[in-house]
């Protein structure tokens, strides 16, 4: 007999993946260059040359065992040290290698973080709009995910609804800033207010409520600004990071968990991650990629194209009458659909080969997401399809 919960999941496939597969199939018919596919958050800018050079040099200099053998269960010690030192330089922290655990991307990091601090039937709270894969990440650990309804005016945290939801079963709060799908960066004021509530509620309930901070878009911030580092504001923060976006290497599946040194039992938590890996199979990410990222912690891909693409879409969407909060980062924009049913709206868009993702699964019915990590030339060509779509239907 097949496992029931996974059989059930076959009827609940990711809408992002389904629409992406449709776009690829449509591309085989008319040429993918003519399909304006805004479905998948797959970085489109080239990998930094220094990263490729690191790979080439490492192959020539290091032994096959160093490059292709299993790493230590917590990650390569020198790499963990380099990550810690980079975070300290950038954010004024005091991490050591004992506070860093290397993972297979941010997904692997979140899988570890939840299991670090939650037992089955505990609760984790997150904020809409949210990345829908949080649901299996959390629930498959036997933990209940509760979602705070969004603040539609600015997509900052809806604190009134949050304070009504938090309770003695809440063991962690999961935030994603810069945010997928809204593109919003939580302000320093938002992070400070969240931190105070978590501290007060931890005292009230007699146990730590951890902050799990999902930060794969940390480096993609617009208007010359930066993302406040949540761990600076709350001691019990578990930072989950991926290099997928900053270095344009999503296929390499590399990231880390960083536990704030001020968090009680921080070093013990990192050792525990090694044991969690034994149970979920996320152990020992690629050794050669660990080495390569350790040499490229101070560089990123050239992500200026994302801001350019965002401005093109934001200007056109607002000119066409869409309600949209201007993104502060990431490579997503999150307009309100021109009808109540965003699924129907996006299906109509497909007829014009303009393919976005309805946001029901993101916790925001009536909205849709565009992932504009595509070539600027294609964004520019897509605007005419968007205009025709809107003119002929609305």
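Numbering (the working numbering), first residue to last: -15 to 378.
Note that the Cβ used here is the ideal one computed from N, Cα and C, for glycine as well.
All values reported here derive from a predicted model rather than from experimental measurement.
A distance below 7 angstroms between beta-carbons, with the five flanking residues on each side excluded, links residue 119 to the following residues of its chain, in chain order: 129. Of all alpha-carbon atoms in 377, 364, 367 and 353, the one lying nearest the alpha-carbon of residue 3 is that of 353. DSSP lists 354 as the bridge partner or partners of residue 317.
Of the residues assessed, residue 173 falls on the exposed side of the cut-off, its CB having fewer than 16 other CB atoms within 10 angstroms.
Counting the other CB atoms within 10 Å of its CB gives residue -6 a total below 16, which places it among the exposed residues. Just measuring C-alpha positions, the residue of 272, 132 and 254 sitting nearest residue 144 is 132. Residue 255 counts as exposed, since fewer than 16 other beta carbons sit within 10 angstroms of its beta carbon. By alpha-carbon distance to residue 103, the top candidate from 82, 126 and 37 is 126. Taking the Cβ atoms as the reference, residue 313 lies roughly 7 angstroms from residue 211, within the contact range of under 8 angstroms. Separation of residue 149 and residue 245 (C-alpha to C-alpha, rounded to the nearest whole angstrom) is 29 angstroms. The residues 132, in chain order, have a CB closer than 6 angstroms to that of residue 146 in the same chain once the five nearest residues on each side in sequence are set aside. In the DSSP annotation of this structure, the continuous segment of the alpha helix (DSSP H) that includes residue 288 starts and ends at 288 to 303.
The alpha-carbon of residue 97 is positioned some 15 angstroms away from that of residue 117. By the Cβ rule, the region 189 to 207 counts as touching the region 156 to 165, because three or more pairs are nearer than 8 angstroms. Residue 37 and residue 88 have their C-alpha atoms some 22 angstroms from each other. Of the residues assessed, residue 77 falls on the buried side of the cut-off, its CB having 16 or more other CB atoms within 10 angstroms.
By the CB criterion at 9 angstroms, residue 31 and residue 232 fall inside the cutoff. Taken through DSSP and simplified to helix, strand or coil, residue 251 comes out as helix.
Residue 370 is classed as buried because its beta carbon has at least 16 other beta carbons within 10 Å across all chains shown. Taking C-beta atoms as the reference points, residue 86 and residue 238 count as a pair closer than 9 angstroms. Residue pairing by DSSP places residue 111 opposite 132 in a beta bridge. For residue 232, there is no enclosing beta strand (DSSP E), as DSSP gives it neither H nor E.
The criterion of a C-beta distance shorter than 9 angstroms is not satisfied by residue 7 and residue -8. Note: residue 338 is bridge-paired with 20 in the DSSP secondary-structure output. Taking a 10 Å sphere around the C-beta of residue 332, we find 16 or more other C-beta atoms and assign the residue as buried.
For residue 280, no alpha helix (DSSP H) segment is defined, and its DSSP state is neither H nor E.
If the five residues before and after residue 338 are omitted, its C-beta is found closer than 7 angstroms to the C-beta atoms of 20, 366, 369, 370 and 373, all from its own chain and listed in chain order. Of the candidates 377, 362 and 355, the residue whose Cα lies closest to the Cα of residue 167 is 355. Residue 330 sits in a helix when the DSSP states are folded into three classes. For residue 37, the enclosing alpha helix (DSSP H) covers residues 33 to 45.
Contact between the region 276 to 283 and the region 105 to 117 is not established, with fewer than three Cβ pairs separated by less than 8 angstroms. DSSP links residue 160 through a beta bridge to 198. Residue 224 has 198 and 241 as its beta-bridge partners, per DSSP. If you compare the alpha carbons of 213, 92 and 223 with that of residue 262, the shortest gap goes to 92.
Only residues of its own chain outside the window of five on either side were considered, and among them 308 and 319 have a CB closer than 6 angstroms to the CB of residue 301, listed in chain order.
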